[in-house]
Each structure stands twice: as C-alpha cells, then as structure tokens.
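Participant: Dropping a structure here in structure tokens format, bear with me for questions.
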Amino acid sequence: MLLTGAEIIMECLLREGVEVMFGYPGGAILPTYDAMTKYPQLHHVLVRHEQGAAHMADGYARATGRVGVAIATSGPGATNLVTGIATAMMDSSPIVCITGQVTRGAIGSDAFQETDVTGVTLPITKHNYLVDDVADLAYIIREAFHIARTGRPGPVLIDVPKDVQNAQTEFIYPEGEIRLPGYRPPTQANQEEVSAALELINSAQRPIILAGHGITMAGAMSELRELAERAQIPVSLTLLGKGAIPENHPLVTRMMGMHGEAASNYAIQEADLIIALGMRFDDRVTGNIKTYAPNARKIHVDIDASELNKNVKVDVGIAGDVKTVLRQFLPGVKTTQHPQWIARIRDWQEDSNERDVLQVGTESKLLSAQVINDLWHFTEGNAVTITDVGQHQMVEAQYYPHQRPSTLITSGGLGTMGFGLPAAIGAKFGKPDEEVWAIVGDGGFQMTLCELATAVQENVNINIAIINNAFLGMVRQWQEFFYEERYHATPMISPDFCKLAEAYGIPSMRVTNREQMEESVQFARSINGPKLIEYVVEKEEIVYPMVPAGADLHNMIRRPKPGEEVKS
Amino acid sequence: MSEQSSEKFTIAALVENKPGVLNRVASLFRRRNFNMDSLTVGRTHRPFVSRMTIVVDGARTDARRIATNLYKLVNVIDVKVVSQEPHVSRDLALIKVRSDDADSRNALTLLCERYPARIVDIGAKYAIVEITAPEDVVEAMIRELDPIGIVEMVRTGVVAMGRGTRILDTEYVPQLISSNNGNHQAYSV
C-alpha cells in the first residue's frame, strides 16, 4: 500500500494503541494534520501552547502507564515542548513527541521556523530521531514507542521533515522483534546479589524500605507489600512513590525527605538497613549526603544501572526490574518482627501528630492543610489528584493519603510550575471514569492557564482547585527562613479567578472558610465539564517539617507543638 | 583531588555508525560533568559499527559510572573499561620540529632510534617526527623534543585494545538499511 509519511505516522500510532494526541498545528507539521482527517479514530486535542501538549501527554502517560503522544510544528512549536519533555525525562514518564521539521534540503540553512530540535532535546530525551528517509519512518516510530515504555521509561522525540511527511512509500508495518543491539534494559538479579540482599534483610534489626516511582511503574505493589508485611519492615515513600502501598497501611511512614514526615526521616537516619526500591536518592530525599543514613547498610534495586552508587554508595546494588527482583527475594525472606523498632517509629509519629497544623484552632483564616485534608475527606480519599509545584504540592503530599497507584500525578524531579492544569487534562483523557482534581497554586496556575480553553473545547470533566495565598508561597518560605524575610518578587497580584473562569465559560466558586469545603466538592461534582474553585487561604503559611537544602536529614525545622515557643 | 594525583582510565565503546552518535557521547560527558581527556572514533571491520576510545580522568568520576551512562545511550552497543585489564594502548603524534642545523638533525635522528618514532618529512627548516607509542612514551619524547624546538603538533588521542582473547566486537547489522543509513562510507558526526 502506497502511503505518505504523514499517513504512515497515523498508521503506526494506531498500531501502538494510541487513542488521543495532544498537539498544535503549524507549517512544517501540516501534512500530518491533514492526514489526521482520514483517521478520525485518533482523537486530536488542540492545546493552547505546546508546553501544555507535552504535559498532557505526560499526565495521560502517568495516569495510564501507556505512552502519551504530543505533536508540534518545527521551530517555536518544538522548542515550546522542551519544558514538558524535560519534566517527563526527570520523572521517567513515557511520552513520544512528533515534531515537524523544515524540508531536508533546507535543514541547516536557518530556514523559517527551523530549529535543531534533535540537538536541543538531546540531553532531555531518552532517545531522539531525525527521520531522513520515509522508508525509515515506520521502524523509527515503532522503536520510539518501545524505547519510551520499556526499561526506565522516558520521552522520545521524532523530528520529521515536511518533505518526509509528504513523500510516498510502500507501507509495510515492521512486525516481529525490535532489534536494538545497544538497548537491553536489565531484568533480574543474579544469585549472588539475591543472596547478599537476603542476608542483609534477614539479619536487620532496624530495616526500612524506601519505595519509589519504580514500584508503581513496574507494577510491584503486591510484592512490596508482601516483603514489608512478612519481615515487618516499615515503608517510607518518595513523592512519586505514593501509591506504591496504601498510605493508611500500618507499616507506612509516608513521605520522606525535605518536606517528608519526621518519622520517615528519623527512621532513615537510625535504620541499620535501607532497602531502596525503584528510587534514586534525589537530593530532596537525602539532605546532606555525607550524614545520610549513617548507620545503614544499603540495598538498592533500580532498572537504571547508572543510578546505583550515583548519589549514595550502596552495599548491594542490583540493576533490574523491581517486580522481578522482589519476586526473587521473596522466597528467601524470613518472617520476622521488629516490635521495638516499630514502636520507636510510632513515638515519632505521635510527636508529629501533636504538632499537626490541623490541631491548631481554625480561628479565622483557611489553611491549605485544611483545604487538602477536607478535599481528601469529601472525595473519600479516592480522587486522582494532579498537583502543580510549590507549597500546595507538599501539603497535598502530606494531607491527601493515596491508596492506589497512579492517583497522585506531580512534577517531582524537575519541579515544573505550570504542570498541574495540562497534566490533569491529559490524566482525565486517560482515566475518564475517575474523579480528577487539579490542585494548583495561584502562581503555577497562571503559567499554563491558557489550557482552560482546551478544557472547555474538549469539555474535560476536571476539577481545578486553586490554592490562592497571593504569594509564590514556597519561595516566600525560603525567603522567610533563609533571606531574613525579604519578600522580593513573591507577593503576587492575580486576576479574579472566578471572573476569569466566567470568561472561559467555566462555572466557578470561591471558598474563604472551612464551612464551605463540603459544598465546594458537591459543587464540583454537580457539573460535567471543567470547573474552577478558588480556595483563598492564609497568606504566610509554612510547610513543616523542612530539611533546609543541604542540611542533615534529621535536622528538620519542625512545627512547634501547641504552647511551644516559635523558634526564631 | 588535585590533577597530579588523578588516575586515568580508558573506555572502549562500540557504537552504531550513524549520524549524531559522537554528539550524543560528547553531550553525555558534558551534562554529567565527566572529565574527558581524549576521545577518538573510527570505523571498524563491521560496516555499521564504529569504535570509540575515551580516556577519562578517574579522579573525578569512577569508570563504572561512565560506562553505565554510556550504555544508556541507545546507539552505544557495548562498553568496556579496557584499562582494568591487560591491554595495548597507542597514541600517535605528528610533531613538527626545528631542523635547520646539524645539531638539531643529529638530535632528531638519535631520538628516533631511542623511541618508536621516525622522521616522516624533512626540509631545510623543519622536520615532522611521527611517534606511535603508549601515551606516556609519547609524552616523554615530546619532553625531549622540546629543547630542539617544537613548532606544531597534532595527536590522535589514545586507542586501546584488550590483550589476548579479550575481544570487544559485535555482529550488529541495523534493522534500517535505507539510502542514508546504508551510506556508511562517511562517518557522519
């Protein structure tokens, strides 16, 4: 069958099981957009900025585990994808970006809307391609999806010159095995590694599991739980590891790191064994690396061999699929108890409970912790939440316990403000039957609020919760702690968000006190389509605990207990 | 660590002979802040495979970390730290030296007897000396040539190969053999 390059792109996307593409047309990608008219089963979502397309593809991918697809034109279209691609790269999210490029003959001539996009995206993609022969296109698309979703997932970009999209060739879909000699993701541990790990696990007195994103991506939730329960090992979670195990499980100490639970951080510092599963010892998790977990032997399982011994030297480093490796571990894991260790963690947790901001009287102002906690309560803890970046993100992580995998979608590694709204739109396309809440700050929301129009055009049934404190709150918090309260460039004037919503034809509600919380969730649930709720919260809140950047993990700035003096 | 105490190690990588692969490797070293001492690349007896030899300052990064990162590049087929095992390594230098009097010409001739070097071009003013030897031997000869008067120099950077039965090879043939990918005559970077 003689097809154009553009039609081959569509045929290949269909064969990859793609159902929705997020994109924005332009000159160099027009042949592909024209081919879309022949493939109505591939739904195209017109975004308002290409960054939104990449975040939507990312949100879709994280919600479903399938590959998200973003499409953009050459030059500015492609460069606008960059932040979204980098976000997906840092959080190992499988997306495929297809960009138009100027014709092959014009490449290198500084043609109109020409950018060296494979060059620009080289360090922020798992792999990328510049297609210079239409005969290669089908192979390349197939390889791209394979690379994006296997091993440690990540973004792959395919740059397709306009004349390659127009060129015709005999289309034969490349069936059979994909031969990539330099691409062999590790799978399992060898016997020595398993024995060494088991010896440490079975002899540990104060073990702790650090569960990361790898658990949910590998689908190793039940294996993790079995390991934890059989050997009675507490489990701490990274931000992206949330959902690896239900957060109300008695062994779970919840999040670790800079704004993690104090119990998690103290436990890591006192542990005699760390079992790190599908996580990468990010600096936001370790604090000062020199004093990190000083008493612990360390087992590290990750599918990316280059993560082993990168930040933290480990005793047993295993490059492998965490589900496979845990299955290798389990037959040798002895049933044990660590009652003293668990009691010690309970004490820390009780101390934290006494400091909980929810214990503070409500008085007048609405606190972001109250908003998130009430959203959790009134959504029965069952929503898919997508956050932006900043204080509200950390408050979400602290006050919205997640029970299921892939129900918290957040930009962890790159910390991309503006991620929330578009990622929520993408997530809703992936999980149309779930209740989806975009929880965003007033700052991050304004970075990508143009996607409100996308949500309206597609009638995406999402709930947009703006936690408005009229500040870039997390930066303000750093200024308060580390820059002597010089609040420069952090107070923020915002538009009237409800009027803004009205301009887009989006129903909205403003919440200023806690009594309205239940009503706000009912309001959200009463509307099929996008709706916006502005929660006006206390302006100068602090997210506790906080490990200052570079400080020892146990040296957290804690919230004072009621009646305690505030540390100045 | 100071530069003096740094230990170098040598990595050999088999890579697909495709456009942009050298760029991917160089970009990796830059963004991971690995300190590259030299990088050479050339074709092999396999039409679709090139081989890189990379010498790295070991004081700043460990070999394993570089090898695992190189391995993550899809176009890198195989990686080996050759300096961890018995191996042969060679650096080639062309050194243009003053040869405008009898003393300098005699000195050059004597040096070329003591080193694995030869004079490949000689004129009234300058001679070109070629040396092929392990890197430290090349360095030693350069030090001895220096007093005669070096005016120009070029070096290939180190190439290395494991001794005996240590073979780094691949039977890789690409899936895509279209007009451009088949054009492996020119190493495109």
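Protein chains in written order, with the numbering used here: chain A, 482 to 1049; chain B, 4 to 192.
Ideal Cβ positions, reconstructed from N, Cα and C, are used throughout, including at glycine.
Every value quoted in this text rests on a predicted model; they were computed, and no experiment measured them.
1. Starting from ARG169 (chain B), trace the beta strand (DSSP E) both ways and give me its first and last residue.
2. Select from A:GLN938, A:GLN927, A:VAL641, A:ALA864 the residue whose C-alpha is nearest the C-alpha of LYS912 (chain A).
3. Return the CA-CA distance between MET973 (chain A) and TYR505 (chain A), expressed in angstroms with no decimal places.
4. For MET737 (chain A) versus ILE755 (chain A), is the C-beta distance shorter than 8 Å?
5. Measuring alpha carbon to alpha carbon, tell me which residue in A:GLU488, A:ALA699, A:GLU999 is nearest THR860 (chain A).
6. Identify, in the order they occur along the chain, each residue of the same chain with its Cβ nearer than 8 Å to the Cβ of ASN792 (chain A), setting aside the five sequence neighbours on each side.
7. Three Cβ pairs or more, each shorter than 8 Å: is that satisfied between the region 158-174 of chain B and the region 120-133 of chain B?
8. Nearest to MET898 (chain A) by CA position, among A:GLN874, A:SER887, A:GLN821, is which residue?
9. For chain B, find out if any of its Cβ atoms is closer than 8 Å to the Cβ of ALA786 (chain A); answer yes or no.
10. Of the choices A:GLY862, A:ARG547, A:CYS578, A:GLU742, whose alpha-carbon is the least far from that of THR888 (chain A)?
11. At least one CB of chain B closer than 8 Å to the CB of ILE490 (chain A): is that the case?
12. Does LYS75 (chain B) have its Cβ less than 8 Å from a Cβ in chain A?
13. Strictly by DSSP, which residues pair up with ARG866 (chain A)?
14. May I ask you to report which of helix, strand or coil DSSP gives GLU6 (chain B)?
15. Can you give the beta carbon distance from THR159 (chain B) to THR47 (chain B), rounded, assuming they're within the 8 Å contact cut?
16. Express the C-alpha separation of LEU114 (chain B) and GLY586 (chain A) in angstroms, rounding to a whole number.
17. Looking only at C-alpha atoms, which of A:GLY549, A:GLY813, A:LYS980, A:ALA1032 sits nearest to SER676 (chain A)?
18. In angstroms with no decimal places, state the Cα-to-Cα distance between LEU811 (chain A) and GLU673 (chain A).
19. If we count the other Cβ atoms within 10 Å of its Cβ and call it buried at 16 or more, is ASP828 (chain A) buried or exposed?
20. Between the Cα of CYS931 (chain A) and those of A:GLU680, A:GLY901, A:ASN683, spot the shortest distance and give me the residue it belongs to.
21. Which same chain residues end up closer than 7 Å to GLU707 (chain A) when comparing Cβ atoms and leaving out the 5 residues on each side of it in sequence?
22. In whole angstroms, what is the alpha-carbon distance linking ILE170 (chain B) and VAL91 (chain B)?
23. Check whether the Cβ of ILE682 (chain A) lies closer than 8 Å to any Cβ atom in chain B.
24. Is the separation between the beta-carbon of VAL870 (chain A) and that of GLY907 (chain A) shorter than 8 Å?
25. Does chain A have any CB closer than 8 Å to the CB of GLY152 (chain B)?
26. Just list the residues that DSSP pairs THR545 (chain A) with in beta bridges.
27. In the DSSP assignment, the beta strand (DSSP E) including ASP783 (chain A) goes from what residue to what residue?
28. Go through its chain and collect everything with a Cβ distance to ASP855 (chain A)'s Cβ below 6 Å, but skip five positions before and after it.
29. Looking at the structure shown, is ASN647 (chain A) part of a helix, part of a strand, or coil, going by DSSP?
30. Can you round the beta-carbon distance between ALA919 (chain A) and ILE945 (chain A) to whole angstroms, since I take them to be within the 8 Å contact cut?
31. Identify whether VAL766 (chain A) lies in helix, strand or coil by the three-state DSSP scheme.
32. Could you pull the start and end residues of the beta strand (DSSP E) that GLU504 (chain A) belongs to?
33. If you count every other CB in all the chains shown that lies within 10 Å of the CB of GLY741 (chain A), and 16 or more means buried, which is it?
34. When DSSP labels each residue in this structure, what does GLN818 (chain A) get in the three-state scheme?
35. Spatial neighbours of THR64 (chain B) within its chain, please: C-beta separation below 6 Å, excluding the five flanking residues on both sides.
36. At the 8 Å Cβ level, is GLY589 (chain A) part of the contact set with chain B, yes or no?
Facilitator: So, from the data block:
1. Taken as a continuous stretch (DSSP letters only), ARG169 (chain B) belongs to no beta strand (DSSP E), as it is neither H nor E.
2. A:ALA864
3. 30 Å
4. No; because the gap between Cβ atoms is not below 8 Å, this pair is not in contact.
5. A:GLU999
6. ARG761, PHE762, ASP763, ASP764, THR767, ILE770
7. Contact between the region 158-174 of chain B and the region 120-133 of chain B is absent, with fewer than three C-beta pairs closer than 8 Å.
8. When each option's Cα is compared against that of MET898 (chain A), the closest is A:GLN874.
9. For ALA786 (chain A), the answer is yes, since a Cβ of chain B falls inside 8 Å of its Cβ.
10. A:GLY862
11. no
12. Yes, contact with chain A.
13. Per the sequence shown, the amino acid found at residue 866 (chain A) is Thr instead of Arg. Paired residues: A:LEU889, A:TRP918.
14. Low per-residue confidence applies at GLU6 (chain B): pLDDT is 36, beneath 50, and the placement is therefore not dependable, though the value from the model is reported in the following sentence. Three-state result, GLU6 (chain B): coil.
15. In fact, because the Cβ distance is near 16 Å, the residues do not count as touching under 8 Å.
16. Between the alpha carbons of GLY586 (chain A) and LEU114 (chain B) lies a gap of roughly 53 Å.
17. A:GLY813
18. 15 Å
19. exposed
20. A check of alpha carbon separations from CYS931 (chain A) across A:GLU680, A:GLY901, A:ASN683 identifies A:GLY901 as the nearest.
21. LEU811
22. 12 Å
23. Under the 8 Å criterion on CB atoms, ILE682 (chain A) is classed as non-interfacial with respect to chain B.
24. no
25. no
26. In DSSP, THR545 (chain A) forms no bridge with anything.
27. 778-783
28. The beta carbon of ASP855 (chain A) sits closer than 6 Å to those of MET998, all from its chain and outside the five residues before and after it, given in chain order.
29. ASN647 (chain A): helix per DSSP, three-state reduction.
30. 5 Å
31. VAL766 (chain A): helix per DSSP, three-state reduction.
32. The displayed chain sequence assigns Gly, not Glu, to residue 504 (chain A). Unbroken beta strand (DSSP E) run through GLY504 (chain A): 501-504.
33. buried
34. coil
35. PHE37
36. Not closer than 8 Å to any Cβ of chain B, the Cβ of GLY589 (chain A) fails to qualify, so no.
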